[in-house]
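The sequence shown begins at 0 in numbering that gives the first Met the number 0 and counts up by one. A virtual CB, placed ideally from N, CA and C, is assigned to each residue, including glycine.
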Amino acid sequence: MATADIGVIGLAVMGRNLALNLADHGYTVAVFNRTTSRVEELLRDEPGKALVGCHSLAEFVAALKTPRVCLLMVQAGAPVDAQIEQLLPLLAPGDIIIDGGNSLWEDSNRRTARLAELGFHYIGMGVSGGEEGARHGPALMPAGDARAWPRVRPMFQAIAAQVDGAPCCEWIGDGGAGHYVKMVHNGIEYGDMQLIGEAYQLLREGLGLGPDALADTFDAWNQGPLASYLIEITAAILRERGPDGRLFIDDIVDSSGQKGTGKWTAINAIELGVPLTLIAEAVSSRFLSALKDERAAAAAVLGAPPPMGPVAEPDAMRDAIRDALYCSKLVSYAQGFMLLRAAARHYDWRLAFGDIAMVWRGGCIIRSRFLDRIKDAYARQPELASLLVDDFFAAEFARHAPAWRRAIAFGIERGIPLPAFTAALAFHDGYRSARLPANLLQAQRDYFGAHTYQRVDADPSRRFHFDWTGSRQERASDE
């Protein structure tokens, strides 16, 4: 007899915890894993939970009420397609398949269209929050076949993180929009983490702060505008000591990994012509960190800048580093939302940018206090070109920009690499520049390749070419 409201396939950390979260909220959950010992382990560890253990896909499908809801928590890519193909012969038209992994949005576009043709409903759902979020309240970003949303909405909004009484789960849009928004979330996450690392290095190597002072500093920052999950866990990490009393992180190799979503974000930004400079630098910084042996060899050859001596006003510089981190984080979010705006136009998605900010307020990795400000900005101007020109953000930049510049100069003098800090400031300065040296660049292109240019005193639709090496005459390219 079918008793389960929803089924979860894949019982690794995320699938297991989402299943338990659903059970905690009054839903009966069928669970299946290719390695069936994980099913037995879950049932043994969680006696009394409303879980239906299944040892085959046929048993799994038979346990589900109709229309059936199947949540796939398997590895992104080919494994998702393989799992869908195994399920389809067992399902009936009108049943719902949901992919909750970190899938590429283009795959979700394809799957949504194909399954709709076959009579099934497909949802590609971004899930953020890691192990803890999945268990107690993630941020959920579903999209795809909107006909499935009324069936699954009560379940997902029940298990999502709640902020001010609102669930961090809203319908994002068509096709792969949910996985796209999750990808951009992860790109911002890359930027945030790189920025925090640079602030940490400025504090430790530039100001010479000890372990307790480092942790205290991030704790204090988490009480103000920088309040966020990543700042919170940074303070916690910096309180951990090894057996010898040193910082625990000093025993971790300084080579960071990645799963590809940040790279996807940077690549798509290039494809759409969006200057996602900070996030691209954050991705490149992970690549650079992976060159551990090369960096060690280069350090022996290239050395370091000469010591600068003690800092005259360390407390003031610590505040400047805080302001630099704050402004740079604002740029990271602004670039992420610029990409979302471009994607909405390019892919014909109706993205509600303020709602996305609300979804990210809780459960997810980039949850931050100023996401409320982003919601407010889009409430004031739904077609806002960039958060940088919103009144609140513009005022924050004006107030903190001098300290932002001082902190970066401080780090540069001491040879501390600040790729994300400097990319953020350069973007800010470039975006506020009414005139850039791109006219020289375009003249160069016309000189060596006759690529033409526009004139400031002519119709923008007209193009011109100058004979740089011959007659020194200009002519309209359409003559």
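Going by DSSP, which residues form a beta bridge with residue i?
{"i": "L246", "result": "R240"}
{"i": "M124", "result": "P141"}
{"i": "G129", "result": "Per DSSP, none; premise fails for G129."}
{"i": "L17", "result": "Note: L17 sits in no beta bridge, so no partner."}
{"i": "Y452", "result": "F463"}
{"i": "P166", "result": "Q161"}
{"i": "F31", "result": "I8"}
{"i": "G172", "result": "A142"}
{"i": "A3", "result": "L63"}
For residue i, does the three-state DSSP call read helix, strand or coil?
{"i": "F369", "result": "coil"}
{"i": "Y189", "result": "helix"}
{"i": "I415", "result": "coil"}
{"i": "Q161", "result": "strand"}
{"i": "L114", "result": "helix"}
{"i": "S227", "result": "strand"}
{"i": "I8", "result": "strand"}
{"i": "A295", "result": "helix"}
{"i": "L290", "result": "coil"}
{"i": "V51", "result": "strand"}
{"i": "A75", "result": "coil"}
{"i": "A400", "result": "helix"}
{"i": "G209", "result": "coil"}
{"i": "A422", "result": "helix"}
{"i": "R221", "result": "In the sequence as displayed, the identity of residue 221 is Asn instead of Arg. Coil, per DSSP."}
{"i": "H24", "result": "coil"}
{"i": "I83", "result": "helix"}
{"i": "D458", "result": "coil"}
{"i": "D384", "result": "Here residue 384 is Ala; the residue named in the question, Asp, does not match the sequence. Three-state result, A384: coil."}
{"i": "M307", "result": "coil"}
{"i": "P274", "result": "coil"}
{"i": "A198", "result": "helix"}
{"i": "R349", "result": "coil"}
{"i": "R434", "result": "coil"}
{"i": "T468", "result": "coil"}
{"i": "Q257", "result": "coil"}
{"i": "L439", "result": "helix"}
{"i": "N101", "result": "coil"}
{"i": "A376", "result": "helix"}
{"i": "V282", "result": "helix"}
{"i": "D389", "result": "coil"}
{"i": "G362", "result": "coil"}
{"i": "V252", "result": "coil"}
{"i": "G177", "result": "helix"}
Is the beta carbon of residue j closer than 8 Å to that of residue i?
{"i": "A112", "j": "W348", "result": "no"}
{"i": "F336", "j": "F352", "result": "yes"}
{"i": "L532", "j": "L338", "result": "Not covered by the structure: residue 532. The range shown for the chain is 0 to 478."}
{"i": "A165", "j": "G362", "result": "no"}
{"i": "F426", "j": "V273", "result": "no"}
{"i": "A265", "j": "V282", "result": "yes"}
{"i": "F463", "j": "A475", "result": "yes"}
{"i": "L194", "j": "F396", "result": "no"}
{"i": "D322", "j": "A384", "result": "no"}
{"i": "P418", "j": "E280", "result": "yes"}
{"i": "D250", "j": "G241", "result": "yes"}
{"i": "L70", "j": "V162", "result": "no"}
{"i": "A234", "j": "D218", "result": "yes"}
{"i": "G172", "j": "L350", "result": "yes"}
{"i": "V126", "j": "G143", "result": "no"}
In terms of residue numbering, what span does the alpha helix (DSSP H) encompassing residue i cover?
{"i": "I529", "result": "Coverage of the chain is limited to positions 0 through 478, which leaves residue 529 absent and any answer about it impossible."}
{"i": "H345", "result": "313-346"}
{"i": "V60", "result": "56-61"}
{"i": "V522", "result": "Because the chain in this structure spans residues 0 to 478, residue 522 falls outside the shown range and cannot be described."}
{"i": "E270", "result": "260-271"}
{"i": "R43", "result": "36-44"}
Along the chain, where does the beta strand (DSSP E) that runs through residue i open and close?
{"i": "C69", "result": "68-71"}
{"i": "R474", "result": "473-475"}
Taking 7 Å as the cut-off, is the beta-carbon of residue i closer than that to any non-hydrogen atom of the ligand MG?
{"i": "G47", "result": "Among the components of this structure there are no ligands whatsoever, and the ligand MG is therefore not found."}
> How do the stretch 226-234 and the stretch 424-438 stand: do at least 3 beta-carbon pairs fall below 8 Å, yes or no?
Replying inline: Under the 8 Å Cβ criterion, the stretch 226-234 does not count as touching the stretch 424-438, having fewer than three qualifying pairs.
> Would the stretch 78-86 and the stretch 154-173 be scored as touching if the rule is three or more Cβ pairs under 8 Å?
Replying inline: Fewer than three beta-carbon pairs drawn from the stretch 78-86 and the stretch 154-173 are found closer than 8 Å, and the two stretches are therefore not classed as touching.
> Should the stretch 120-130 be called in touch with the stretch 89-96, which here means at least 3 C-beta pairs below 8 Å?
Replying inline: When Cβ pairs closer than 8 Å are counted between the two stretches, the stretch 120-130 is seen to touch the stretch 89-96, the count reaching three or more.
>> Within 8 Å, do at least three Cβ pairs link the stretch 186-194 to the stretch 328-335?
In response: At 8 Å Cβ cutoff, the stretches touch.
>> Taking contact to mean 3 or more Cβ pairs, one atom from each stretch, closer than 8 Å, check whether the stretch 34-42 and the stretch 65-84 are in contact.
In response: Judged by pairs of C-beta atoms under 8 Å, the stretch 34-42 does not touch the stretch 65-84, as fewer than three such pairs exist.
> If you pair each beta-carbon of the stretch 299-310 with each one of the stretch 439-452, do three or more pairs fall below 8 Å?
Replying inline: Below 8 Å, too few C-beta pairs join the stretch 299-310 and the stretch 439-452 to call them touching: fewer than three.
> So, do the stretch 124-143 and the stretch 198-208 have three or more beta carbon pairs nearer to each other than 8 Å?
Replying inline: The stretch 124-143, when compared against the stretch 198-208, does not touch it at the 8 Å Cβ threshold.
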